[in-house]
Amino acid sequence: MPRKCTPIEAQGRTALGETPFGRGAAGEARPVHDEVAECNRRRKTLCRNAGTAPASAASRKKSGMDVAALLPVPPGRRTARAAFCRVSREENARMKTLTAVLGIAFAIATAQFSFAQAAVSDADIETFAAIYVDLLDTATKAESELQAAKSEEEAQQIRTRVQSESVEKVAKRGWTPEKFNSVGDAINADPALTEKAVKLIEAR
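Residue numbers (my numbering): 87 to 290.
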């Protein structure tokens, strides 16, 4: 099963030379522009399935939106999948921060680990939502620190610390980054699970 789309900075590689959630088939770090193209393709498919036209290139540029992701969205959207297609500027910016800051923390996920093929329970979705919010909070706090960093060395130290803290937060819930990624894959692949996850994230 293909991995879920994640919002990715559109230039260069992530800070540590890794893609946020995995490596290429041969084990090498995949260029970010390849990830962006793949995510845009999947986003269009999700929007088409949801009956919602994806935003135009002009509107994406104006709003600062690159690719869509699983994010808290206001109630009343046509379907859970539409949440992937309509992302506010603030939400997308927060998720970009999460992706950029965590970087290598979740790059350790392997293709051999495929929890997405197993059943996902309500408890799994609740834990996923709790971890998601925890990580988003970590990334948001780190954003101001990164902006205030006076050198790349200082910024690198912040990223390293935040990555370690993020893995610890996942571990406190009894999960591994691999399981978090795989449950996320399963949620993204099932509209019903997506709807449950979005509601739980909104409620936190």
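No residue lacks a Cβ here, since even glycine has one placed at the ideal position from N, Cα and C.
If you draw a straight line from the C-alpha of residue i to the C-alpha of residue j, how long is it?
i	j	result
A215	S230	24 Å
G260	A209	12 Å
P211	V269	The sequence as given places Ile at residue 211; Pro does not occur at that position. Whole-angstrom Cα-Cα distance: 8 Å.
R290	D220	10 Å
L222	A275	21 Å
K285	A205	20 Å
L156	L232	Low confidence applies to L156: its pLDDT is 35, below 50, so where it sits in the model is not reliable, and the reading given next is rough at best. Near 24 Å, if we compare the C-alpha coordinates of L232 and L156.
D271	T213	14 Å
E239	P277	42 Å
R245	T262	19 Å
Do residue j and residue i have their beta-carbon atoms positioned less than 8 Å apart in this structure?
i	j	result
I287	L279	no
Evaluate residue i with the Cβ neighbour count: other Cβ atoms within 10 Å of its Cβ, from every protein chain shown; 16 or more gives buried, anything less gives exposed.
i	result
K282	buried
S207	exposed
A228	buried
K258	exposed
R247	exposed
Q243	exposed
K265	buried
Relative to the C-alpha of residue i, which candidate in the options has its C-alpha closest?
i	options	result
A225	V284, E238 and V253	V253
D217	L232, E240, V256 and A275	Here residue 217 is Ile; the residue named in the question, Asp, does not match the sequence. Ranking L232, E240, V256 and A275 by Cα distance to I217 puts V256 first.
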